[in-house]
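Trainee: Chains as they are written, first to last, in my numbering: chain G, 949 to 1592; chain P, 949 to 1592.
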Ligand SMILES: Nc1ncnc2c1ncn2[C@@H]1O[C@H](COP(=O)(O)OP(=O)(O)OP(=O)(O)O)[C@@H](O)[C@H]1O
Ligand SMILES: Nc1ncnc2c1ncn2[C@@H]1O[C@H](COP(=O)(O)OP(=O)(O)OP(=O)(O)O)[C@@H](O)[C@H]1O
Ligand SMILES: [Mg+2]
Ligand SMILES: [Mg+2]
């Protein structure tokens, strides 16, 4: 009886504690005993030797669950498969070209090593083509009671009291679902599909971080490769960022290894000791990595397998890592190390390893590598089918959502003002986030997020007549910048923008009138949307602050003016967000602390004046200057002018 | 130069690929080379030998990042610490009792094994007390460029193109923050502290699962041990459930190993192949484990270290596992296996291993083990200080929250009706969830959750006059039971209960009048609270269904009647919840599918009639039977009756 060569080795070390009553210090009386590849009797003999026990003495060997080990339960195969080797099957060719097989039995085989074997067929006819081991599976160990590293007791009887405590060795590697399901229950919240854009955002975040050093065009390219003629559906996010060395790519796969923990010795060779970037306006620092989970959560939320391909400028080679649910399952089944794998280092542009038709599209994608000094491509396959339907049917919706998330990265700290005639072409105007959708037989849909014209921040910016800026510093290094905009009443309506998509579905039940005047602009909506390191945290809003709340009476200013303001808060990463970057942890709580002091900012200068008064004055001014409430009275009739 | 005994061994295997141009199939040309404990020159020599290269030939050895390996960068210590062994320090006692030390140098030591060593002091005076190795740290390898398992290239020059792809071995074990921070960003949502009860709920869930088989009293005991005279603050959750074998305790620590994945071979020895419990009323099946993360998330959200102590009836021994942030950090620093540890198997009641004063309280807690056939105790220490403040100051609040979560487990499928004179003492009345708070110099606060009288479900049940039951079956095995209750208008007020705590803080701004009549009972609140496997999912509510919505006009029934209903939905686990069990994923979406058919239930019988009509009839009846709207008209004055 021996073991399949492909399985784990026969070695099985167990830790045996002598816990028989006479020995008082069982804990210190531990011995390492090799138990692989031998029978229970042999094992018992070894134990007797090691502990100096006479073989005729009475004792039991048990697991720590006090299960007595017997010849039956002592599985010498180390808890895996047991094979009976029967011999070798020989396929040979007789002189006339006739194929024939013959079995070389195990007894004969034993002599084989000495080359004195008696061949089962006449020697002169033998032209051996193949040799195949002949064996049968005796037993696939079910219980694996005793495994490499198991702890065993020597006891007088199974139900004997332990004379002293025993330390049992254990392993508790996280299950691979830690990675595979990490995103599954993370992007829930708003019931259903709307969270998919936020999974994409994690990948775009990573690309923003990776391109932060580029002074030219930062290019982030999200492609939905849904053309079946090119293979199975896939989603690729490709950037021209700094790429990853193979060590960094390795670290990418380490769940929860963040830029902060990465400074530790173990991962030092990745040379990425984290340096906090200098403060910039609106915290648009592209430093959006934080927890070491985003990428993994996102790719496994979107699909079942991911190919990370990357090349840093410093490397001549492209590095490629494939992580897949299927692969994890296979490793578990084969009892291989779950968190071991391979990175493929290869020539840029070399797609010779892609042999499956399902991934045909990869050939052209890999070919693009040749023109790039550095890049990262995240290629997700096994796309969940409901995601695919959603992405195909709601292209406008989710690209608009992404334009909202990255509004200030795309348009710069002042945001997009569609009505402005001269466009601000400052330095941050160079982030190209391009989304494209390829479907069979259709013209590809392509949009640069900068060209989205109906995301909420664009609507707010375009409809505002004036803005009020402020800042607050919390606990030393927490910074929140804020902007409040005034959306005046013009002639016959409020200009505070309605969400053209978000609200239309909800307003069914309320009133069918799309005019907003009677709701007073903002209505019950909170004032502030909140951005963290420059990107939207979509599920956290802040209602108001005391100094800009509707609840306070403000003398001469009409109440509805307070419903004509929208606002944005920009925090740096001293404010915590949840790992899926969907919510702030305690932003509102910290800002509403009574010690928080808000300061108005005019032309970049902090003003040392009471914010409450400043704001009230600004609001009054806005009302007087911008609101144009015209009442037509004394209706006489309609007249057509013929003179113009 | 040798290595610290405690550190990793000197062995360092590297994988070398010959990638020089002339070899066309570099990928297949991989050799394993031992590189530990030798110099770079020796290593190069070995490489030449292994690949059959003449030593004078020109080639470079590089890392996969193409960093050329030189004598300088070739760190023979395997990337860890390098020690110079100097000898042994001997502490000895001279005949007169005088202590003295002497050093046995390394040369002498070499002879030590042969017992021919020349002692540095006169032999006759020697009474050796201790021997201590004398060594100095030469070098703590900074870069660890080459580690055990590293992949290296043989190249003609550093910038040579790879002739073919190379497979580089990697490891990507999840960082220990996977466990330690798992809860941190999970219990956020409602800004601030309110989520702590829901971390407790994860532990109570586990205890409910573990006690599901008990026909007597199921006892779950949550103790806040905040009496400083007994040690540092701790929180213990103790149940009389089935306990865990050491293997099951081991599995407890495996992140993401759930009852479903546990069926896999690797963990089979835990014998816990999952069997779905039979359906029961309100899905009160105590089968609340699902993801394999709850316990870990909860304990590390609450504190920094956890001692899990457990004993199944089948075991004579108690099993104890300590998991702590500190320990993880130590293991990382010492480059030990992060996910290896020890379970302590010991006599129940034996607390001799507790030596730290900080954990004094453990002695009495461990002593309690003696009376129990089986139990589990989760003892959390390193309690985060803000949690402690919250728990001390809001005892009523958070115990009430827990009473809400487990209302139907505590009170049975019909819930608690405080006004009912005869209490239902059915079988489920036996779950004792007891919460206690111990503080120094104070009388302990103790409450059995069953005695909480102001949790919302108790208020709803107590104030309802009648109820309407229904059920729906979704996608085959998804079951949702529902109850709608009628809270009539009585004399001068609505009886629909106000949340005595939740709303008081919010209503500040609205109106100060605590009467509800003008709000019409429920007001804008959603109708349904939602329970999953019998326990509350606190952040998901369901507004209404079409057939019970306020938006529909219902002929003769006054509109405000629809504001006099409250409701509960009970789902089984065919409806998904988030890993922190705070929200349902898509309950509302699935229930509002147009194919969902609701059926009224009367006395346990499903009625095959239109739910819309049934409900309208019931509502009308409730209104006519229970609403007592009395108008006093024609006030004449107050008169004191003297005749009674
Ligand atoms: N497109 C990319 N280009 C270069 N490096 C990348 C890219 N994407 C990921 N990485 C590297 O992989 C690491 C892990 O990415 P991942 O998104 O999983 O976590 P994170 O960004 O560190 O933290 P977070 O959880 O906040 O996203 C990143 O820190 C970064 O070093
Ligand atoms: N009090 C207890 N008594 C007995 N076994 C327990 C107890 N607490 C935990 N366990 C065991 O440990 C396992 C892991 O618990 P944990 O709460 O971390 O995850 P889970 O309950 O399996 O899933 P979920 O993420 O839904 O909580 C449980 O499945 C159960 O087998
Ligand atoms: Mg990231
Ligand atoms: Mg649990």
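By construction, the Cβ of each residue, glycine as well, lies at the ideal position given by its N, Cα and C atoms.
So if I threshold CB-CB distances at 9 angstroms, which residues from the segment 1192-1207 of chain P count as touching chain G?
Mentor: 1193, 1194, 1195, 1197, 1198, 1199, 1200, 1201, 1202, 1203, 1204, 1205 and 1206
Trainee: Could you check the C-alpha separation between residue 1131 (chain P) and residue 1527 (chain G) for me, to the nearest Å?
Mentor: 11 angstroms
Trainee: Ligand 1 and residue 1341 (chain P): does any heavy atom of the ligand fall closer than 8 angstroms to the residue's C-beta?
Mentor: no
Trainee: Going by the C-beta, is residue 1533 (chain P) closer than 8 angstroms to any heavy atom of ligand 2?
Mentor: no
Trainee: Anyone know if the C-beta pair for residue 1251 (chain G) and residue 1200 (chain G) falls short of 9 angstroms?
Mentor: no
Trainee: From the DSSP output, in three-state form, read off residue 1145 (chain P) for me.
Mentor: helix
Trainee: Helix, strand or coil for residue 1025 (chain P), going by three-state DSSP, please let me know.
Mentor: Low confidence applies here, because residue 1025 (chain P) scores a pLDDT of 46, under 50, leaving its location unreliable; read the following figure in that light. The answer is coil: DSSP assigns residue 1025 (chain P) none of H, G, I, E or B.
Trainee: State the Cα-Cα distance for the pair residue 1222 (chain P) and residue 1206 (chain P), rounded to the nearest angstrom.
Mentor: 10 angstroms
Trainee: Would DSSP call residue 1123 (chain G) helix, strand or coil?
Mentor: coil
Trainee: Would you check if the distance between the CB atom of residue 1435 (chain P) and the CB atom of residue 1445 (chain P) is smaller than 9 angstroms?
Mentor: yes
Trainee: Please state the DSSP three-state secondary structure of residue 1478 (chain P).
Mentor: Strand, per DSSP.
Trainee: Under 8 angstroms, with one C-beta from each stretch per pair, do the segment 976-992 of chain P and the segment 1166-1182 of chain G reach the 3-pair mark?
Mentor: Output reads no: the segment 1166-1182 of chain G does not touch the segment 976-992 of chain P.
Trainee: Buried or exposed: where does residue 1262 (chain P) fall if 16 or more other Cβ atoms within 10 Å of its Cβ makes it buried?
Mentor: exposed
Trainee: Based on the DSSP output, what are the partners of residue 1258 (chain G) in its beta bridges?
Mentor: G:1267 and G:1324
Trainee: Kindly indicate which three-state DSSP category residue 1229 (chain P) falls into: helix, strand or coil?
Mentor: In the three-state reduction of the DSSP assignment, residue 1229 (chain P) falls in the helix class.
Trainee: Return the CA-CA distance between residue 1234 (chain P) and residue 1148 (chain P), expressed in angstroms with no decimal places.
Mentor: Straight-line spacing of the CA atoms in residue 1234 (chain P) and residue 1148 (chain P) works out to 16 angstroms.
Trainee: Can you name, in chain order, every residue of its own chain whose Cβ lies under 8 angstroms from the Cβ of residue 1260 (chain P), other than the five neighbours on each side?
Mentor: 1190, 1191, 1192, 1193, 1196 and 1322
Trainee: Whose C-alpha, out of G:1126, G:1154 and G:1317, is nearest the C-alpha of residue 1266 (chain G)?
Mentor: Considering only G:1126, G:1154 and G:1317, the residue with the shortest C-alpha distance to residue 1266 (chain G) is G:1317.
Trainee: Give a yes or no on contact between the segment 1100-1107 of chain G and the segment 1003-1012 of chain G, applying the rule of three or more CB pairs nearer than 8 angstroms.
Mentor: yes
Trainee: Could you please give the first and the last residue of the uninterrupted alpha helix (DSSP H) stretch that includes residue 931 (chain G)?
Mentor: Past the boundaries of the shown model lies residue 931 (chain G); chain G is included only from 949 to 1592, so the question cannot be answered.
Trainee: If I measure Cβ to Cβ from residue 1570 (chain G) and keep anything under 6 angstroms in the same chain, skipping five residues before and after, which residues do I get?
Mentor: Contacts found: 1414 and 1434.
Trainee: Considering residue 1514 (chain G), what are the terminal residues of the beta strand (DSSP E) in which it resides?
Mentor: Counting along the chain, residue 1514 (chain G) sits inside the beta strand (DSSP E) bounded by residues 1513-1519.
Trainee: State yes or no: is the C-beta of residue 969 (chain P) within less than 9 angstroms of the C-beta of residue 1111 (chain P)?
Mentor: Yes, the pair counts as a contact, with Cβ atoms nearer than the cut-off.
Trainee: To which residues of the same chain is residue 1159 (chain G) closer than 8 angstroms at the C-beta, ignoring the five residues directly before and after it?
Mentor: 1166, 1167, 1168, 1187, 1188, 1189, 1190, 1234 and 1379
Trainee: Just the Cα atoms here: how many angstroms apart are residue 1534 (chain G) and residue 1291 (chain P)?
Mentor: 38 angstroms
Trainee: Helix, strand or coil for residue 1561 (chain G)? Go by DSSP, reduced to three states.
Mentor: Here DSSP, grouped into helix, strand and coil, assigns residue 1561 (chain G) to helix.
Trainee: Is residue 951 (chain P) buried or exposed, if buried means 16 or more other CB atoms sit within 10 Å of its CB?
Mentor: Its pLDDT being 33, under 50, residue 951 (chain P) is placed unreliably by the model, and nothing is read from it.
Trainee: By alpha-carbon positions, which one of G:1121, G:980 and G:1022 ends up nearest to residue 1285 (chain G)?
Mentor: For residue 1285 (chain G), the nearest C-alpha among the options comes from G:1121.
Trainee: Could you check how far apart the C-beta atoms of residue 1364 (chain G) and residue 1406 (chain G) are, in whole angstroms? I think they sit under 8 angstroms.
Mentor: 4 angstroms
Trainee: Let me check understanding here. Comparing Cα to Cα, which of G:1203, G:1289 and G:1395 lies closest to residue 1119 (chain P)?
Mentor: G:1289
Trainee: DSSP has residue 1099 (chain G) in a bridge; who is on the other side?
Mentor: Answer is G:963, bridged to residue 1099 (chain G).
Trainee: Which chain P residues sit within Cβ distance under 9 angstroms of residue 1289 (chain G)?
Mentor: 1117, 1118, 1119 and 1120
Trainee: As a quick exercise: from P:1555, P:1180 and P:1272, pick the residue whose alpha carbon is nearest that of residue 1388 (chain P).
Mentor: P:1180
Trainee: Quick check on DSSP: helix, strand or coil for residue 1336 (chain G)?
Mentor: helix
Trainee: Are the beta-carbon atoms of residue 1151 (chain P) and residue 1247 (chain P) separated by less than 9 angstroms?
Mentor: The answer is yes: Cβ separation under 9 angstroms.
Trainee: Please report how far the alpha carbon of residue 995 (chain P) lies from the alpha carbon of residue 965 (chain P), in whole angstroms.
Mentor: 10 angstroms
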